[in-house]
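Worksheet: the structure to be examined is printed underneath.
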Amino acid sequence: MALIELKDVTIAFEGVAAVEHVNLAVERGEYLVIVGENGSGKSTLVRAMLGLVRPKSGRVVYGDGLKKNQIGYLPQQTVVQRDFPASVGEVVLSGCVNRLGRRLAFGAGERARAEEKMRLMDVYGLREKPYRTLSGGQQQRALLARALCATDSILLLDEPVTGLDPDAAEELYSVIRSLNRDHGVAIAMVSHDLHGAMRDAGRVLVMNRGVDFVGSVEDYERQFERRARA
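In this text, residue positions in the sequence shown follow the numbering used here: the first is 125, and each later residue adds one.
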């Protein structure tokens, strides 16, 4: 059973459709890249998977034991977020907030989980440093650690390498690849960086409000090469 399944999902804002009749299943352990032009509905689709926007019609279904609050999310960073006035440890620990239930304060379990994810993302040594002083690549690894505090099974990533220099982007792709291959974390990534993002992907989804294409990287390359020659 899929972790997340969209069944004929349409999303509209002020009467204008942003996403239309999307059917998609994200399976456990897979690596999906979501591409498309600006305004094609990519980020809206991810927000629907997270339950942050409600479909006008259709359903988003969580399966295989996944709950809505057990999805890790790495949104696009804004300038304000990059300058967030907190330590790395505090930023990462905030990813455990959905584990609190009715408690008002983080306990030993949440702190241990945050430490585990910081070590996994190689930012534990930076835990006392102000988040705003980190390089772009270090900030993204810290935010991945934060997202992993919420999940062991799936990460939704929205343009994770935007603004990073080529070396930092390559390092981040390596980290994401390891999470998928070595730790079994499903990846659904929105990206404009077709070459870098597709190198490790198993499937590609092309959005154009609806689903323009979904299939393997190989089938994508064959189909869109034919379109380019036509």
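C-beta: ideal position from N, C-alpha, C; glycine also.
What did DSSP end up calling residue i once you bin it into helix, strand or coil?
i	result
Leu296	helix
Glu240	helix
Val285	coil
Val204	For Val204, the predicted model reports a pLDDT of 48, less than 50, meaning its position is unreliable; a value from the coordinates is still stated below. In the structure shown, Val204 sits in a helix (DSSP, three-state: H, G or I).
Met173	helix
Gly219	helix
Asp343	helix
Asn332	strand
Leu224	coil
When you compare each of the options to residue i by their alpha carbons, which one comes out closest?
i	options	result
Ser315	Ala149, Ser164, Val150	Ser164
Arg171	Asp289, Ala229, Glu161, Leu279	Leu279
Glu129	Leu174, Val157, Met313	Leu174
Asp246	Thr257, Gly261, Cys220, Arg256	Gly261
Leu217	Leu198, Lys131, Ala266, Arg256	Ala266
Gly213	Ala236, Leu288, Glu294, Pro284	Ala236
Just mark residue i as buried or exposed, buried being the case when its beta carbon has 16 or more other beta carbons within 10 Å.
i	result
Gly196	buried
Val184	buried
Ser167	buried
Asp343	exposed
Asn304	buried
Asp282	buried
Gly139	exposed
Arg333	buried
Can you check whether the C-beta of residue i is within less than 8 Å of a C-beta belonging to chain D?
i	result
Arg235	Absent from the structure: chain D. Only one protein chain is present.
Exercise for review: Pair every Cβ in the stretch 292-304 with every Cβ in the stretch 264-280, then say whether three or more of these pairs are closer than 8 Å.
Suggested key: yes
Check your understanding: Is there contact between the stretch 260-274 and the stretch 237-250, where contact requires at least three CB pairs shorter than 8 Å?
Key -> yes
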